[in-house]
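S.K.:
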Amino acid sequence: MPEAMGFFTDTTICIGCKACEVACKNWNQLPATNGGVTEMSGDSYDNTRKLDGTHWRHVKFIEQFEGPYNGRWLMMSDVCKHCVQAGCLEVCPTGAIIRTEFDTVVIQSDVCNGCRACIAACPFGVIDMNPAAGTAQKCTLCYDRMQVGLEPACAKACPTDSIQFGSITELRERANKRLVQLKAQGEKRARLYGDDPKGPLGGLNSFYLLVDEPEVYGLPKDPKLPSRSLKQSGTFAAASGAVLGLLALVGLRKRRMDEIGEGAGGPGSQN
Amino acid sequence: MSDTFFTASPHWRWLIILYFFVGGIAGGGYFIAALLQWFGRGRAEDRPLIRIGYALGFWGAVISGALLTLDLGRPLRFWHMLFQSENFPSLMFKSWSPISFGAWAILLFGACAALSMIGAWSEEGRVRAPGAQLLQRGTWLAKLIAGLGGLFGFFVAGYTGVLLSVTNRPIWADSPWLGALFLASGASTGAAALLLFGRRKGVSERSVRWLASFDARVLIVELVILIIFIASLWSIRQVWLSFWGFLLLIGVVGAGILWPLRLHFRPGLSTGFRDPAVMVLLGGFLLRVVVLFASNSIAVQHVAGGG
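Protein chains in written order, with our numbering: chain A, 321 to 591; chain B, 1101 to 1407.
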């Protein structure tokens, strides 16, 4: 059984070149948006804007500026987190979403029927429909490349090693060393996101080094599994069903009582 | 900010809204018919109402299945919900996934409703197939099917709300009351549909009176659950400062619950907007429109430009 594999993304050395996005699109033969005609976002230098069914990698530009000269750029190459406890895998009604031998999460496009339950279940907004395929799609962590011993296309293309690929155990060691280094250099806001196997979702197989609150990067502070609501929601629905059934029975009894009161009795036959 | 605001919309739009609405009517209508079959003391005057309930259940299940299939990105793969596509004919079933057990519930509900309707047709002499008389009223088989179908029907009416709660989307996952709300709405719209069709099919005055009184009580329960639902979303109350909040207040609460309640308690001319059944159906539809679109309108938080 191979080791659990994944990404460690050090956002402090991302330069926003988007080489990872291009490499991902190229390797996975993902179609261009808008027929290949460039669409400008209009309010950011980031023009691809978000992860979806045809953008499995996306470099976020967090432009924190107060005036033209006072501020900072944060860059983060975002991708599927390959959660150890994956919400998408949990809800998928067709069994299209599987966990691979590398502990990554993959959508089998030939099994998916496009019901889109996984899109609503993902706590990170990673998955979306690929209109060309009619199925939900996301990063596979280059499953096909991993099977032949190659690293994923995005990590291979990253010119600064902001995206690092490897075994999760080794990546965690590397990430902790880098965290200590940054703190020693005075970057007190540095923190790891998703590295803790005892944390939310059992840890993320794609985890990050951030220098601000997760929300600033568009990441939920405490991502959860969708099934957390199942028991409570189901219980409330069953209880309301019992109340409604009781109401109907009380109504039928009242009708019977009224008929007896009127001395009419019930017409018709008995079962 | 709720963590649900960092998620993406599943693009469930009109086909799913229609499915939630039709599924609610079908499940609620059949459940009422099954209750009458079991506990109505076999009154002949209730039979037309029961037959309409069975028909609502059957056609509702057929339409629901069609709507769900059409909404898929790959409609021809609808059967992947029921069977393992790579290991046919092994069944595909996840008891912890509402969309998985919901697909089975619709199938089983549709089967029960079909058998009940064949029994009803057999009573009317419209079906003379051998064995159909076994499904006629009064037989143990008919009662068993009605009992099972009633439970499946109520399940279909309510699980759609649970399905929405078992996501990570704003509003849906922020409250555990959607299943209860949709179930109550399914019961009220099911009763309203029975009233509407019942008047045209010559259902007895006594049956109509009982049904109208039941509908009024269900509307009160629905209103209470709706208030609890909205209160449970207090931490994200800003989502209602929108067109969808306005529609919830005016369309669902005002036109769909309070107005028909007033009409139920002060009956008079019952046509169009003065018909409580029509208004309850309108309110039930708008409830699903508001719940779906209010959440869909909240897109993934863009972080560019300072967050």
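Using N, Cα and C, we set each Cβ at its ideal position, and we do this for glycine too.
These figures come from a predicted structure and were not determined experimentally.
(1) Can you tell me which of F1329(B), V1318(B), I1325(B) puts its alpha carbon nearest to the alpha carbon of L567(A)?
(2) Going by the CB atoms, is the gap between A1203(B) and F1255(B) shorter than 8 Å?
(3) Touch check for the stretch 558-567 of chain A and the stretch 1299-1318 of chain B: three-plus C-beta pairs under 8 Å?
(4) Which class does I333(A) belong to by DSSP, given the choice of helix, strand or coil?
(5) Output yes if chain B places a C-beta closer than 8 Å to the C-beta of Q336(A); else output no.
(6) Whole-angstrom Cβ separation of I1132(B) and G1290(B), contact assumed at under 8 Å?
(7) Could you spell out where the alpha helix (DSSP H) holding F1201(B) opens and where it closes?
(8) Give the DSSP bridge partners of S397(A), in chain order.
(9) Which residues bound the alpha helix (DSSP H) around Y1154(B)?
(10) Can you grab the Cα-Cα spacing for the pair S1307(B) / G1153(B), in whole Å?
(11) Using 8 Å for Cβ pairs, my map puts C340(A) next to I483(A). What's the rounded Cβ distance?
(12) Between A452(A) and chain B, is any beta-carbon pair separated by less than 8 Å?
(13) Does the Cβ-Cβ distance between D448(A) and D366(A) come in under 8 Å?
(14) For S589(A), does the count of other Cβ atoms within 10 angstroms reach 16, so buried, or fall short, so exposed?
(15) Residues of chain A with CB closer than 9 Å to the CB of I1325(B), please, in chain order.
(16) Got a sec: which bits of the stretch 425-445 of chain A sit with their beta carbon under 7 Å from any beta carbon on chain B, in order along the chain?
(17) Can you tell me whether DSSP reads S364(A) as helix, strand or coil?
(18) Using Cβ-Cβ distances below 7 Å, what residues of the stretch 1309-1325 of chain B are close to chain A?
(19) Leaving out the 5 sequence neighbours to the left and right, which residues in its chain are closer than 8 Å to N591(A) when beta-carbon positions are compared?
(20) Determine the DSSP secondary structure at A1280(B), reduced to helix, strand or coil.
(21) Counting Cβ pairs, one atom from each stretch, are 3 or more of them under 8 Å apart for the stretch 1110-1125 of chain B and the stretch 1372-1389 of chain B?
(22) Please list, in chain order, all residues of the same chain as V1227(B) whose beta carbon is under 7 Å from its beta carbon, the five residues on each side excluded.
(23) Closer than 7 Å, Cβ to any Cβ of chain A: which residues of the stretch 1160-1179 of chain B, in chain order?
(24) For the stretch 539-556 of chain A against the stretch 422-433 of chain A, are there 3 or more C-beta pairs whose distance is under 8 Å?
(25) Near H597(A), which residues of its chain fall below 6 Å by C-beta distance, leaving aside the five closest residues on each side in sequence?
(26) Going by DSSP, name the residue or residues bridged to R511(A).
(27) Between the C-alpha atoms of V411(A) and R1374(B), what's the straight-line distance to the nearest angstrom?
(28) Output the boundary residues of the beta strand (DSSP E) element that contains M449(A).
(29) Consult DSSP for V342(A) and reduce its assignment to one of helix, strand or coil.
(30) Just grab the DSSP bridge partners of F328(A) for me.
(31) What residues are listed by DSSP as bridge partners for Q457(A)?
(32) Out of F527(A), F556(A), T480(A), P534(A), state which residue places its alpha-carbon closest to the alpha-carbon of R509(A).
(33) Applying the criterion that 16 or more other CB atoms from any shown protein chain within 10 Å of the CB defines a buried residue, is Y389(A) buried or exposed?
(34) Locate the alpha helix (DSSP H) running through I1125(B), then write down its first and last residues.
(35) So within the stretch 1278-1336 of chain B, which uninterrupted alpha helix (DSSP H) runs reach at least 4 residues, ignoring any that extend past its ends?
(36) Taking 8 Å as the cut-off, decide whether the C-beta atoms of S547(A) and W1196(B) are in contact.
M.R.: Let's see:
(1) Translated into positions along the first sequence, residue 567(A) becomes position 247. Looking at F1329(B), V1318(B), I1325(B), the one whose alpha-carbon comes closest to that of L567(A) is V1318(B).
(2) As a position in the second sequence, residue 1255(B) is number 155, starting the count at 1. As a position in the second sequence, residue 1203(B) is number 103, starting the count at 1. No, they are not a contact pair.
(3) Cβ pair count under 8 Å is three or more, so yes.
(4) Here the question's residue 333(A) lines up with position 13 in the first sequence. I333(A) carries a helical assignment under DSSP once its states are collapsed to helix, strand and coil.
(5) In the first sequence, the residue the question calls residue 336(A) occupies position 16. Looking at the sequence itself, residue 336(A) is Gly, so the reference to Gln does not match. Judged by the 8 Å Cβ criterion, G336(A) is not in contact with chain B.
(6) Locating residue 1132(B) in the second sequence gives position 32, where the first residue counts as 1. Locating residue 1290(B) in the second sequence gives position 190, where the first residue counts as 1. About 6 Å; that satisfies the 8 Å criterion.
(7) Within the second sequence, numbered from 1, the residue matching residue 1201(B) stands at position 101. Element bounds for F1201(B): 1198-1224.
(8) Your numbering for residue 397(A) matches position 77 in the first sequence. BP columns for S397(A) point to V379(A).
(9) In the second sequence, the residue the question calls residue 1154(B) occupies position 54. That run of the alpha helix (DSSP H) goes 1147-1171.
(10) By 1-based counting over the second sequence, the position of residue 1307(B) is 207. By 1-based counting over the second sequence, the position of residue 1153(B) is 53. Taking the straight line from one Cα to the other gives about 13 Å.
(11) Walking along the first sequence from the start, residue 340(A) turns up at place 20. Walking along the first sequence from the start, residue 483(A) turns up at place 163. About 6 Å; that satisfies the 8 Å criterion.
(12) Here the question's residue 452(A) lines up with position 132 in the first sequence. Contact with chain B is absent for A452(A), since none of that chain's Cβ atoms lies less than 8 Å from the residue's Cβ.
(13) The residue given as residue 448(A) occupies position 128 in the first sequence. The residue given as residue 366(A) occupies position 46 in the first sequence. No, these two residues do not count as a Cβ contact at 8 Å.
(14) Looking up residue 589(A) in the first sequence gives position 269. Low local confidence applies: a pLDDT of 43 at S589(A) is under 50, so the model's placement there is unreliable, and no value is given.
(15) Walking along the second sequence from the start, residue 1325(B) turns up at place 225. Listed along chain A are F556, S560, each with a C-beta nearer than 9 Å to that of I1325(B).
(16) The stretch 425-445 of chain A vs chain B, Cβ under 7 Å: V431, N433, G434, C435, R436, A437, I439, A440, A441, C442, P443, F444, G445.
(17) By 1-based counting over the first sequence, the position of residue 364(A) is 44. Per DSSP, reduced to three states, the secondary structure at S364(A) is coil, with no helix or strand assignment.
(18) The stretch 1309-1325 of chain B vs chain A, Cβ under 7 Å: W1310, S1313, F1314, R1317, V1318, V1321, I1325.
(19) The residue labelled residue 591(A) in the question sits at position 271 within the first sequence. For N591(A), the pLDDT reaches just 38, beneath the cut-off of 50, and the residue's location in the model is therefore unreliable, leaving the point undetermined.
(20) Your numbering for residue 1280(B) matches position 180 in the second sequence. The three-state reading of DSSP puts A1280(B) in helix, counting H, G and I together.
(21) When C-beta atoms of the stretch 1110-1125 of chain B are compared with those of the stretch 1372-1389 of chain B, three or more pairs fall below 8 Å, so the two segments count as touching.
(22) Translated into the one-based positions of the second sequence, residue 1227(B) becomes position 127. Same-chain partners within the cutoff: I1218, W1221.
(23) If the cut-off is 7 Å between Cβ atoms, the stretch 1160-1179 of chain B has L1172, G1173, R1174, R1177, F1178 near chain A.
(24) Short answer: they don't touch.
(25) No statement about residue 597(A) is possible, as the shown extent of chain A runs from 321 to 591 and does not include it.
(26) Start at 1 with the first residue of the first sequence, and residue 511(A) comes out as number 191. L530(A), per the DSSP bridge assignment.
(27) Sequence index remark: in the first sequence, residue 411(A) carries index 91 (1-based). Sequence index remark: in the second sequence, residue 1374(B) carries index 274 (1-based). Looking at the two C-alpha atoms, the distance is approximately 43 Å.
(28) The residue given as residue 449(A) occupies position 129 in the first sequence. Residue range 448-450 is occupied by the beta strand (DSSP E) that includes M449(A).
(29) As a working note, residue 342(A) is residue 22 in the first sequence. Annotated three-state conformation of V342(A) is helix, per DSSP.
(30) Counting from 1 along the first sequence, the entry for residue 328(A) is found at position 8. The partner list for F328(A) (beta bridge, DSSP) reads Q484(A), F527(A).
(31) Looking up residue 457(A) in the first sequence gives position 137. BP columns for Q457(A) point to D448(A).
(32) Here residue 509(A) refers to the residue found at position 189 of the first sequence. Nearest C-alpha to R509(A): P534(A).
(33) Translated into positions along the first sequence, residue 389(A) becomes position 69. Exposed, by the Cβ-count rule.
(34) Numbered from 1 along the second sequence, position 25 holds the residue referred to as residue 1125(B). Counting along the chain, the alpha helix (DSSP H) containing I1125(B) begins and ends at 1114-1139.
(35) The stretch 1278-1336 of chain B contains these whole alpha helix (DSSP H) runs: 1278-1300, 1305-1332.
(36) Looking up residue 547(A) in the first sequence gives position 227. Looking up residue 1196(B) in the second sequence gives position 96. In contact: S547(A) and W1196(B) (Cβ atoms closer than 8 Å).
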